[in-house]
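Number of protein chains: 2
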Amino acid sequence: MSSYRPFSLEDATAYAKSIPGFFAADAALSCEEIGDGNLNLVFRVADPQQNKSLIIKQALPYAKVVGESWPLSLDRARIERNALEIQHRLCPDLVPAIYGGDDELAITVMEDLSGYTIMRQGLIAGNTYDRFAEHIGRFIATTLFYTSDLGMNQQEKKLQSARFINPDLCKITEDLIFEDPYRDAANNSFTEDIRAEAEKLWQDHALHLEVALLREKFLTQGQALLHGDLHTGSIFITPESTKVIDPEFAYYGPIGFDIGAVIANLLLNYAAQPGWSSNDEVLQERRSWLLTTIVGVWNHFELNFRKFWDADGIDIMSKTPGYQDLYIDQIRKDAIGFAGCKVIRRIVGLSHVADIDTIDDELSRRQAKVTALEIGKRLIKGSRSAASIAEVIEWAKAAAAKEGANV
Amino acid sequence: MSSYRPFSLEDATAYAKSIPGFFAADAALSCEEIGDGNLNLVFRVADPQQNKSLIIKQALPYAKVVGESWPLSLDRARIERNALEIQHRLCPDLVPAIYGGDDELAITVMEDLSGYTIMRQGLIAGNTYDRFAEHIGRFIATTLFYTSDLGMNQQEKKLQSARFINPDLCKITEDLIFEDPYRDAANNSFTEDIRAEAEKLWQDHALHLEVALLREKFLTQGQALLHGDLHTGSIFITPESTKVIDPEFAYYGPIGFDIGAVIANLLLNYAAQPGWSSNDEVLQERRSWLLTTIVGVWNHFELNFRKFWDADGIDIMSKTPGYQDLYIDQIRKDAIGFAGCKVIRRIVGLSHVADIDTIDDELSRRQAKVTALEIGKRLIKGSRSAASIAEVIEWAKAAAAKEGANV
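The listed protein sequences correspond, in order, to chains A and E.
Using full-length UniProt numbering, you'd call the opening residue of the first sequence number 1 and step up by one each time.
Using full-length UniProt numbering, you'd call the opening residue of the second sequence number 1 and step up by one each time.
Given below as structure tokens:
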């Protein structure tokens, strides 16, 4: 029964029925496949009469984005489910509940979030989410503090890190974020109208040096159990509620990486806002909300992380006066650098974001890309000297103003 | 047959006979237990007639140093054997050959090094080893470069790091090196004549801050497969040859830790040299040799590490101009800080070194301890700003001169 095969709708329905105590035995279930199908199948199985539903996510043994030629370990389904379970235990209101799963079939059965919007789509539609900063800042602080050497038994953390060794998915990040954008790599993907800007990236040795340092952190620094892919497509949202999904890239890495991912995706949406020279009030409010949200994400992270440290820190040496400040300062610097890397890769690398690619007007689309690249470069080059999150805001505004002036 | 029991001499002899092709079937074997018995049994099994012999090392399920109350995982025997195999493959002339082993019995069968001296004893006897710096510098550079993300496949490195998760032994280091010396811990051990100096360590918050940063690196920074316990008691030596043994503390950690261990143990012997105010030429030469050797260890490490990087570096981003210099600079800083921690713990912590404890004269012994503590503090506090290994030499000389003047 449980040797791997990609599920059909019938397989998914049958598996859903086998989950104890969820659907009635005689329920008439509907089933549809709702995934984007890049890396996974996603089935929604529902009992419309009882208004009950669940999601079955199944990993595919390859990444479709580059055809079937990019094989991916099915073990990532185990990693994702185990990460979801830990994250749900730590932040029950911010992570879907897990109902079951199977390592061999590479499936996870979880709470259906049909009432939610994928945050990227919500942002593109122009929505604002005023509780998001508090939610995601608390999610990152909680899941990372309590899986780190600061907040959990340090020997158990070592054993846990072994269970989250994730070579295939880490390699995607290492290649697509920390290497390809900085050379003429076959997997890069960009429009010809920004070729000059892409080629500048390939020759910018000062930029490469910073990227090499950030890559080293990604490769070696096992601080906490990261989500590993915390972009706005991994977040389901409503005005009142936020749910983080899809931690298949989870592994023990540098804390700044998750924070940087959130900041980067807010900045990508910021760069995608039209009309930099316009004085349109709605647009100005929009930009302002995005930048304020970035500051809020950081502040909620920092506030919670410090609170957990003071209340639940298990490491005697970590209570040394001044150490917490140094630690937080380094996370901020790392987050800024990682954010820059994640912005740049979405413009010239293999995988883009709809925030920018769906801009109708070709010139505006180009301007958004160039603005994003400028923001990314400033963040990366400024990361080691950045003293506060306010600098990110200044750099983003300056990059946007520069590109606006060039139009 | 292979469920765990501590070996008797008869068990060891029988096991040695079972190693294919080593002893003749009818050989009359002798067997003796030659370990210091803290953590392991060590049997030497020999065929005197054929002049052949081998060593069987067996892990004990507890640390005797604090009685049987400190249980230790037998899995460390597997880790030690696997580390020895990797290190022997990378540095065949510097690591004993492995003939076999058994995970359940927690034993490793290896080359007998009876013609060699334990380096610590050789140093205490006043010997010099002019090839040591080249040997150990090359050992560290080779074993660490080729197990790091710089010199081996980065996905295979992740899998390998999971095989070297080593919670029990890491905890010994975390407690005894990075925590206990800096507080009034039950496991500390020091003579009353340095109580004032020990208590100063407990109150020195500037020192604690640096130790917290070094502890963090030890906990989180998986750069390379460390030996993990590279003191002069883990090194067998002759004037011509060096063999590194006992990597049971092996795990993926910061590269500077192994270098720091070697430097610390040379500095402990340096601090143990008598008569700082004397102009005795032999003593001056001795001190000079020890300091020159420290510089040599670093220089041979750096030379080899850079050579491997240029010739065999597998990471495209690591070829970025300037990155190698930053990386080496950080290793040097780390090594200096770790060296300081390792000096201090041998004076006030649970486990001491014979270099100092065997000094006959009580006042000289006290002076050696105080000098060592002064060296350790200077190294730790100077580590983040240290720009060259020459600073270590200056700090050691200054610490010795200060204590000499106080006599």
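We put the CB at the ideal spot given by N, CA and C, even for glycine.
So with Cβ pairs under 9 Å, would you call residue i a contact of chain E?
i                     : result
Cys31 (chain A)       : no
Pro321 (chain A)      : yes
His208 (chain A)      : yes
Leu144 (chain A)      : no
Leu74 (chain A)       : no
Asp168 (chain A)      : yes
Leu326 (chain A)      : yes
residue 415 (chain A) : As displayed, chain A neither begins before 1 nor continues past 407, which places residue 415 (chain A) out of reach and without an answer.
Gln155 (chain A)      : yes
Lys377 (chain A)      : no
Asp149 (chain A)      : yes
Met317 (chain A)      : yes
Phe305 (chain A)      : no
Ala212 (chain A)      : yes
Ala354 (chain A)      : no
Phe308 (chain A)      : no
Mapping the DSSP letters down to three states, classify residue i as helix, strand or coil.
i                : result
Tyr15 (chain E)  : helix
Gly222 (chain E) : coil
Asn127 (chain A) : coil
Val353 (chain A) : coil
Asp180 (chain A) : helix
Val95 (chain A)  : coil
Gly100 (chain E) : strand
Tyr62 (chain E)  : strand
Ser161 (chain E) : helix
Asn269 (chain E) : helix
Asn166 (chain A) : coil
Gly260 (chain A) : helix
Ala186 (chain A) : coil
Phe132 (chain A) : helix
Phe139 (chain A) : helix
Gly21 (chain E)  : coil
Ser234 (chain A) : helix
Phe43 (chain A)  : strand
One question on the structure: do residue i and residue j come within less than 9 Å of each other, judged by their Cβ atoms?
i                : j                : result
Leu201 (chain E) : Tyr182 (chain E) : yes
Tyr99 (chain E)  : Leu41 (chain E)  : no
Lys243 (chain A) : Leu123 (chain A) : no
Arg215 (chain A) : Met152 (chain E) : no
Thr143 (chain E) : Asn127 (chain E) : no
Leu226 (chain E) : Thr320 (chain A) : no
Ala250 (chain E) : Gly228 (chain E) : yes
Ala106 (chain E) : Ala59 (chain E)  : yes
Val348 (chain A) : Ser189 (chain A) : yes
Cys332 (chain A) : Ser388 (chain A) : One point to set straight first is that residue 332 (chain A) is Arg, not Cys, in the sequence displayed. Yes, they are a contact pair.
Leu39 (chain A)  : Leu72 (chain A)  : yes
Gln221 (chain E) : Gly260 (chain A) : no
Leu291 (chain A) : Ile393 (chain A) : yes
Ile86 (chain A)  : Thr147 (chain A) : yes
Strictly under 9 Å for the Cβ-Cβ distance: is residue i near chain A by that measure?
i                : result
Ile165 (chain E) : yes
Gly35 (chain E)  : no
His205 (chain E) : yes
Glu80 (chain E)  : no
Lys171 (chain E) : yes
Thr198 (chain E) : In the sequence on display, residue 198 (chain E) carries Ala and not Thr. Not an interface residue.
Tyr182 (chain E) : yes
Considering just the uninterrupted stretch of the alpha helix (DSSP H) at residue i, what are its terminal residues?
i                : result
Leu373 (chain E) : Glu362 to Gly382
Glu302 (chain E) : Glu281 to Asp312
Asn82 (chain A)  : Asp75 to Leu90
Leu201 (chain A) : Arg195 to Gln203
Asp315 (chain A) : That residue, Asp315 (chain A), is in no alpha helix (DSSP H); it is neither H nor E in DSSP.
Gly337 (chain A) : Tyr323 to Val348
Which two residues bound the contiguous beta strand (DSSP E) that contains residue i?
i                : result
Ile243 (chain A) : The sequence given here places Lys at residue 243 (chain A); Ile does not occur at that position. Residues Thr242 to Val244.
Gly253 (chain E) : Tyr251 to Gly253
Could you check whether the stretch 70 to 88 of chain A touches the stretch 41 to 52 of chain A, counting it as contact only if at least three pairs of C-beta atoms, one from each stretch, sit closer than 8 Å? no
If we count Cβ pairs, one from each stretch, closer than 8 Å, do we get three or more for the stretch 240 to 258 of chain A versus the stretch 81 to 97 of chain A? yes
Give a yes or no on contact between the stretch 366 to 381 of chain E and the stretch 259 to 272 of chain E, applying the rule of three or more CB pairs nearer than 8 Å. yes
Between the stretch 189 to 200 of chain A and the stretch 362 to 371 of chain A, do three or more beta carbon pairs fall short of 8 Å? yes
Counting Cβ pairs closer than 8 Å, one from the stretch 341 to 360 of chain A and one from the stretch 286 to 302 of chain A, do we hit at least three? no
Answer yes if the stretch 154 to 170 of chain A comes into contact with the stretch 321 to 330 of chain A, meaning at least three C-beta pairs across the two stretches below 8 Å, and no otherwise. no
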